[in-house]
Each structure stands twice: as C-alpha cells, then as structure tokens.
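> Before we start, here is the structure in question, set down as structure tokens.
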Amino acid sequence: MKNRMKQLIFIAAISFFMTSCHDDLDQNPIDPDSFTEQDVFANATEAKSALAKLYASLALTGQSGPAGQPDISGIDEGFSQYTRMLFNLNELTTDHAVVGWGDPGLPDLHGLYWSAGNDFTGAMYARLAQEVSFTNAFIQNASQLPDEEAQTFIAEARFLRAFAYYNLIDFYANVPLVTEITTDLPSQSSRTELFDFVESELLDIQDLLLDSNEYGRVDKVAAWALLSKLYLNAEVWTGTPRYTDCVTYSENVLNSSYVINTTDANGNGSAYDELFLADNDTNGAQNEFIFTLNFDGIYSQTYGGSTFIVHGATGGSMDPTSLGINGGWGGYRTTKALVEKFETSEIDLPALNSSLGGTLSDWGLVGDLNNWGDPNEDGNPDEDADIEMYEISTNQYALYIELADGFFKFRFNEDWGVNYGDNDADGILEAGGANIEVTAGTYLVTFDLDNLTYELTEVVAEGDKRAMFYTDGQTLEIESIPQFTQGYAVTKFKNIDSNGNQGSDGSGDFVDTDLPIIRLAEIYLNYAEAHLRGGGGSIATAVDKINELRMRAYGGPSGNISSGDVTLDFVLDERSRELYWEGQRRTDLIRYDYFTTNAYLWPFKGNQANGTSVSPFRNIFPIPTNTIATNPNLIQNEGY
3 MKNRMKQLIF IAAISFFMTS CHDDLDQNPI DPDSFTEQDV FANATEAKSA LAKLYASLAL
63 TGQSGPAGQP DISGIDEGFS QYTRMLFNLN ELTTDHAVVG WGDPGLPDLH GLYWSAGNDF
123 TGAMYARLAQ EVSFTNAFIQ NASQLPDEEA QTFIAEARFL RAFAYYNLID FYANVPLVTE
183 ITTDLPSQSS RTELFDFVES ELLDIQDLLL DSNEYGRVDK VAAWALLSKL YLNAEVWTGT
243 PRYTDCVTYS ENVLNSSYVI NTTDANGNGS AYDELFLADN DTNGAQNEFI FTLNFDGIYS
303 QTYGGSTFIV HGATGGSMDP TSLGINGGWG GYRTTKALVE KFETSEIDLP ALNSSLGGTL
363 SDWGLVGDLN NWGDPNEDGN PDEDADIEMY EISTNQYALY IELADGFFKF RFNEDWGVNY
423 GDNDADGILE AGGANIEVTA GTYLVTFDLD NLTYELTEVV AEGDKRAMFY TDGQTLEIES
483 IPQFTQGYAV TKFKNIDSNG NQGSDGSGDF VDTDLPIIRL AEIYLNYAEA HLRGGGGSIA
543 TAVDKINELR MRAYGGPSGN ISSGDVTLDF VLDERSRELY WEGQRRTDLI RYDYFTTNAY
603 LWPFKGNQAN GTSVSPFRNI FPIPTNTIAT NPNLIQNEGY
C-alpha cells in the first residue's frame with residue numbers, strides 16, 4: 003500500500019466527540035460530491051479503497067497532500083498528523099526530546115505544564131476521534147457486502163478502531179465509547195470499560211485477520227502484539243495486573259513469522275539503522291515491522307510523519323543532504339539523560355599496545371603531546387621524553403596513543419639530528435620535514451622506516467550502535483532550550499536508502515521512510531518486563547531475546563548480558579535505547595511511576611533546569627476544552 007495509498011474519502015459519521023460544530027480543532031465534513039457511500043461500498047474492490055483511507059487517516063492529514071483541505075481545522079495541518087502528535091505527547095514530554103520552537107503550547111509539553119486548551123493535546127484527541135468515526139462508518143457500510151474479503155477488511159477496521167481506543171485510554175483515560183454512527187451526545191466511559199472493549203475486540207478479530215497480509219496492512223500477529231501492549235499497561239489503566247496475559251500474547255508474537263532484522267545492507271556494521279531508512283519497506287526491516295504507517299515523498303506527502311521527524315531534528319552544522327533532505331527545521335534534540343543510557347567500551351591503550359607484540363624502540367613521537375621534548379618547562383625530563391614506539395618487525399613501528407589537537411613528528415633517540423615530518427601532508431616522510439597536524443582522538447600510528455611512510459588510523463570505542471547522535475557543534479548540556487546547538491541532535495531517521503541514495507522526492511522536501519508503530523523488538527521487551535513483574539515465562543527466553551537485540555546493536559556479543567543483569571530498571575533503559583523517538587517513552591515512564599515523581603528526573607522536567615516532580619494528574623492529558631463545552635455528559639480529567 004505504500005506507493006498506492008490514496009487520499010480516498012467516503013461520507014463519515016458525525017464525530018462521536020461532537021467537536022464538528024466548533025471552530026477550534028473541528029473535524030471537517032467530507033465532501034459528498036467527491037465520492038458517495040454507494041460508490042465506495044459497491045463491492046469489495048471499491049471498499050478496499052475506503053479501507054486505505056482508514057490507514058491513511060493516521061498517516062496523512064487531509065484530502066490534498068501536505069496542506070489544503072485538512073481533516074482537522076484550527077491547527078496547522080502538519081501539526082495534526084498522528085505520528086507527529088505521538089512524538090510530541092510521548093517523547094517530547096520526557097527525557098528523550100526537547101524542542102526549540104516557541105509555538106504556543108509546544109514548550110509546555112517538555113516542561114509538563116500544559117493546560118486543557120493545549121492545541122497539541124487537543125489535536126491528538128481530534129485525530130483519534132476522527133479515526134473512530136471513520137472506522138465506525140466503514141464497519142457499518144462494509145458489513146452489507148457478502149464477500150469474504152470484505153469481512154477481512156472489517157476485521158482490519160476493527161483493529162484500527164481498537165488501536166485508536168488504545169491510544170485514547172493511554173492519553174485521556176475516560177472518553178466516550180461509541181461503536182456506531184449516531185448524532186446523540188455520548189456518555190463518558192471509564193478506563194476499565196474502554197480497556198475491556200479493546201481487549202474483547204482484539205480477541206474476537208484475531209482469527210478473522212489474515213495470517214499474513216500486504217505490507218502496511220495488519221494481520222493476526224498485530225492483534226496479538228496490541229494485546230501484549232494492552233496487558234502490559236493493564237495495572238496502570240485498570241488497577242488489575244495482567245502480566246501473565248502479556249507473556250502469553252508476547253509468546254504468540256515471538257513464535258510468529260516476524261523476525262528481527264539482521265541485514266546490514268549498507269555495510270556499516272549495524273543492522274539497526276536499516277529500520278529507519280527510506281527503503282525500510284524492502285531492505286529487510288519490513289520483516290520486523292508488525293504495524294507501520296507508510297510514507298512516500300511523492301504519493302503521500304505530509305508535514306508530519308517521517309518528513310517531520312527528519313527535518314525537525316536537523317539543524318546547526320548538520321549536513322541535510324547526508325540525511326536525504328534539502329534543509330533542516332532546527333527544532334528537536336535530546337537530553338543527556340538519553341545519551342548517557344548508551345554504553346561505550348573504554349579503549350584500553352595498554353592492552354592494545356601489548357597486542358602489537360613488539361618491543362619498545364628508540365623511535366618515538368615528539369610534539370605537542372610532550373612539549374616538543376623540552377625538559378626545561380617544569381624541570382622533569384621524564385615527562386617530556388619522546389613517546390616510544392613498538393618495533394613490530396624490522397624497521398616497522400607502531401603505537402596506540404591518544405592525541406590532542408596539535409602537531410607531532412617522528413624522532414630517533416630523542417635527537418633532533420634524526421627526525422622526520424611530512425612536507426606535503428601526503429603520508430610520505432622527509433628528513434626534517436614539516437610538523438604533522440593531527441586532530442584530537444585515539445589513533446594507531448604506524449611508521450615504515452624502509453619506505454619512509456606513515457599512517458594514522460583512528461580507533462573508535464566499540465559500543466552500542468543504536469546511539470545515533472550528531473555532536474559536532476552541539477553541547478551535551480542544555481542551558482537554553484531554544485538554542486538548537488544545545489543538546490545532541492538525533493540522526494536515527496533518514497531519507498536515504500541502504501545504498502546512500504536520496505528518497506523519491508528529488509527536491510528533498512518529503513521523506514519516504516516508513517514509521518514502525520509496533521515492531522518485534524518492542525514485544526521482546528514486553529515479554530521481559532512482564533516476566534519480571536510476575537507474569538511467568540522464562541528468564542532464559544527474556545535474556546536470549548534481549549541479547550538478540552544487543553548483538554545487533556553491538557555488532558557482536560560484546561554487549562551481551564546474563565540473567566543477573568535483567569532487572570526492571572535495566573529493561574526500562576533497554577527500551578529507551580532500542581525504542582527512543584518511536585512514541586513509547588511517556589507510557590513506559592508512567593508504568594514505572596517515573597513520569598511525574600521525583601524518582602527519576604531529567605533536564606527541564608517540570609520546567610526546571612535540573613528537573614523536578616510534577617502533580618500526578620499529569621499522567622493523563624486533559625479532554626479538550628471545546629469538547630467539554632460541547633457535550634455536558636463529559637467530566638474533565640482531574641487537575642484540569
């Protein structure tokens with residue numbers, strides 16, 4: 003469906019949230035002259051076009067591409083797109099992201115001080131309301147079709163409705179439950195009632211969905227995966243733990259045909275980055291994606307989706323062309339709390355030099371690293387002696403060393419009468435030649451006395467390759483959020499394919515990269531957490547699955563853990579490392595009681611530089627003010 007997803011329309015029901023009569027975040031009626039119910043539901047083939055609209059309403063924002071004819075008015079159209087709102091509500095509110103833009107209501111999210119009139123919380127509410135309206139209309143109309151294929155379409159629509167309610171439970175807790183077209187003002191349902199509905203729908207449709215489906219459409223594994231997510235959060239949402247059920251349905255997913263992507267198509271030593279490239283529908287990543295929203299730079303243009311996440315995270319001295327775009331919007335970065343969750347191994351210079359197998363020689367390095375061998379500055383000649391190299395074979399020398407910005411030369415026996423430099427910076431040495439410039443880093447320095455050549459090979463600490471940050475010109479610490487250069491930039495999502503080619507939109511405006519909403523790696527971590535919370539299963543399986551993710555992350559077994567390492571906090575940190583910027587973080591922190599409390603602080607939590615706790619009512623968002631005003635049956639969430 004990726005390249006064929008059309009902005010198809012049908013006559014939708016009046017929104018069950020009853021916002022369609024108001025200007026603020028209205029859900030615009032669909033134009034009846036464009037297409038009629040009779041046209042759309044004439045047969046299963048036509049109904050499939052309407053089904054595409056149900057998927058598209060989560061990926062796109064209206065009827066005419068990136069802007070113009072929006073589904074939801076009263077807010078910038080690009081702002082109202084589902085995954086853009088998911089990022090703002092579930093990532094920007096946490097340790098994973100800050101934003102420098104000052105749009106009204108946007109800084110409030112990271113500071114955790116939003117109000118009931120916040121445009122962004124209201125836009126998500128309206129977007130999900132629209133999805134429920136669209137799915138209700140589709141289910142009612144498609145149920146008249148006798149085709150067996152149409153029954154599969156209905157099951158998919160029920161999944162999408164359940165998914166919308168899953169989000170509504172998470173974000174707003176108590177909302178109306180409406181499953182048919184009606185103009186009556188609906189009553190408010192409790193979180194438990196909504197939970198029970200989502201559970202029953204997914205259990206009912208699991209055998210109605212296809213065993214496997216077209217890329218971009220859900221199958222029965224998607225129902226199991228959403229049940230896994232639902233049960234993992236049951237204790238928070240209903241007060242009743244369902245971790246055993248989480249383990250059960252996670253196991254169903256683990257035993258399915260979905261597999262973790264291990265294809266390193268671009269040969270950079272990591273298969274993880276393939277998940278977030280412009281060809282992630284074909285490069286092997288698709289085998290891990292259980293539920294995706296699909297984007298195409300030509301056929302499904304939006305200022306949300308992956309266009310938003312790639313452009314919005316690009317700024318400072320970053321090269322937009324390396325990310326497949328024409329420019330950055332200079333907004334989103336991350337905090338040190340995320341950066342410091344990634345483990346990097348220390349470079350053990352003594353061990354590396356020992357591995358050379360040679361003996362110390364009279365050839366050494368002299369330069370800024372040792373005050374150019376001048377013992378007069380502090381009177382201690384030992385501190386300023388040349389750094390001796392190891393002779394690893396006849397007239398062949400090597401040394402692992404950490405160097406600062408500066409210059410050096412090769413010198414024999416600390417005698418300026420025998421020294422070599424490089425006049426042309428071409429790797430060829432000349433007696434008494436020019437000083438050799440070097441930038442700070444750790445290097446393997448080799449010196450071939452026979453051929454008078456040398457090489458500097460930078461040594462990079464092996465570590466977690468999921469840490470995809472841009473640091474040049476960026477500070478780790480954030481003193482002023484509006485400054486893009488404060489906080490590391492995130493380069494996880496790109497509009498280039500596995501071969502380094504730009505996405506399909508040659509202008510670089512719109513991005514091809516699909517966004518995984520549920521992928522297998524998340525279910526691995528659901529299983530591990532539910533097991534630790536008493537849900538049964540096997541610690542051995544939990545360790546094996548986590549190590550499968552870490553083998554991919556480290557490019558080998560160096561990051562593997564044992565059962566003694568698997569604690570609840572470890573799993574939470576692993577979720578952060580694996581799933582950052584994928585719309586999960588706020589929900590995870592709430593489950594651990596870390597989101598509003600002082601048990602875990604991050605920069606500018608609670609609008610304080612060092613972080614502070616906030617009132618617990620902020621674990622859920624407010625029902626939009628205009629919705630409360632429209633429907634007297636609704637009661638605002640506590641605190642708003």
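Last residue of the sequence shown: 642 in my numbering, with the numbers rising by one and none dropped.
Note that the Cβ used here is the ideal one computed from N, Cα and C, for glycine as well.
Ordered along the chain, which non-local residues of its own chain (more than five positions away) have a Cβ less than 7 Å from that of residue 156?
141, 144 and 145
> Measuring straight from C-alpha to C-alpha, what distance separates residue 47 and residue 248?
One alpha carbon belongs to residue 47, the other to residue 248, and they sit about 36 Å apart.
> Over what stretch of residues does the alpha helix (DSSP H) that includes residue 411 continue unbroken?
Looking at the DSSP string, residue 411 is not in any alpha helix (DSSP H); the run it does join, the beta strand (DSSP E), is 408 to 414.
> Inspect the beta-carbon positions of residue 293 and residue 227 and report whether they are closer than 9 Å.
At a Cβ-Cβ threshold of 9 Å, residue 293 and residue 227 count as neighbours.
> Based on DSSP bridge pairs, tell me the residues matched to residue 150.
In the DSSP output, where bridge partners are listed per residue, residue 150 has none listed.
> Could you tell me if residue 626 is buried or exposed, where buried requires 16 or more neighbouring beta carbons within 10 angstroms of its beta carbon?
buried
> Please work out which residues of its chain come closer than 6 Å, Cβ to Cβ, to residue 310, disregarding the five sequence neighbours upstream and downstream, and give them in chain order.
86
> Rounding to the nearest angstrom, what Cα-Cα distance links residue 374 and residue 404 in this structure?
16 Å
> Would you check if the region 130 to 139 and the region 95 to 115 touch, i.e. whether three or more CB-CB distances between them fall below 8 Å?
no
> Using only alpha-carbon positions, find the residue among 638, 637, 640 and 597 that is nearest to residue 114.
597
> Drop a sphere of 10 angstroms on the beta-carbon of residue 473, count the other beta-carbons inside from all chains shown, and report buried for 16 or more, exposed for fewer.
exposed
> Distance, Cα to Cα, residue 229 vs residue 258?
15 Å
> Going by C-alpha to C-alpha distance, which of 250, 63 and 75 sits closest to residue 543?
250
> Give the straight-line distance between the Cα atoms of residue 224 and residue 189, rounded to the nearest whole angstrom.
30 Å
> Using DSSP bridges, identify the partner residues of residue 395.
DSSP, once it has assigned bridges, lists 398 as partnering residue 395.
> With residue 354 as the anchor, note down where its alpha helix (DSSP H) starts and where it stops.
From DSSP, the alpha helix (DSSP H) with residue 354 extends over 351 to 357.
> What is the rounded straight-line gap between the Cα of residue 364 and the Cα of residue 450?
Spanning the alpha carbons of residue 364 and residue 450 requires a straight line of approximately 14 Å.
> Pick out the complete alpha helix (DSSP H) segments inside the region 503 to 577, 4 residues or longer, and give them in chain order.
522 to 532 and 541 to 556
> Measuring alpha carbon to alpha carbon, tell me which of 112, 503 and 77 ends up nearest residue 609.
112
> Could you check which residue in 505, 599, 351 and 564 has the C-alpha nearest to that of residue 460?
For residue 460, the closest C-alpha among the options 505, 599, 351 and 564 is that of 351.
> Which residues does DSSP list as the beta-bridge partners of residue 443?
405
> One question on the structure: do residue 167 and residue 196 come within less than 9 Å of each other, judged by their Cβ atoms?
yes
> Going by C-alpha to C-alpha distance, which of 488, 469 and 470 sits closest to residue 478?
488
> Answer yes or no: do residue 121 and residue 295 have a C-beta to C-beta separation smaller than 9 Å?
no
> Determine which residues share a DSSP beta bridge with residue 335 and list them.
100
> Measuring CA to CA, which of 193, 433, 475 and 101 is closest to residue 319?
475
> Who are residue 368's beta bridge partners in DSSP?
Beta bridge pairing from DSSP links residue 368 with 411.
> Figure out for me which residue from 510, 42 and 566 has the closest Cα to the Cα of residue 53.
42
> What does DSSP give as the partner residue(s) for residue 423 in the beta ladder?
432
> Between which two residues does the alpha helix (DSSP H) carrying residue 57 extend?
46 to 61
> Could you tell me if residue 2 is buried or exposed, where buried requires 16 or more neighbouring beta carbons within 10 angstroms of its beta carbon?
Nothing about residue 2 can be read from this structure; the chain reaches only from 3 to 642.
> Taking Cβ positions, are residue 523 and residue 342 nearer each other than 9 Å?
no
> Following the continuous alpha helix (DSSP H) through residue 250, name the residue where it begins and the one where it ends.
DSSP places residue 250 inside the alpha helix (DSSP H), whose first and last residues are 245 to 256.
> Which class does residue 133 belong to by DSSP, given the choice of helix, strand or coil?
helix
> Within 10 angstroms of its Cβ, does residue 337 collect 16 or more other Cβ (buried), or is it exposed?
buried
> Quick one: Cα of residue 273 to Cα of residue 299, how far?
24 Å
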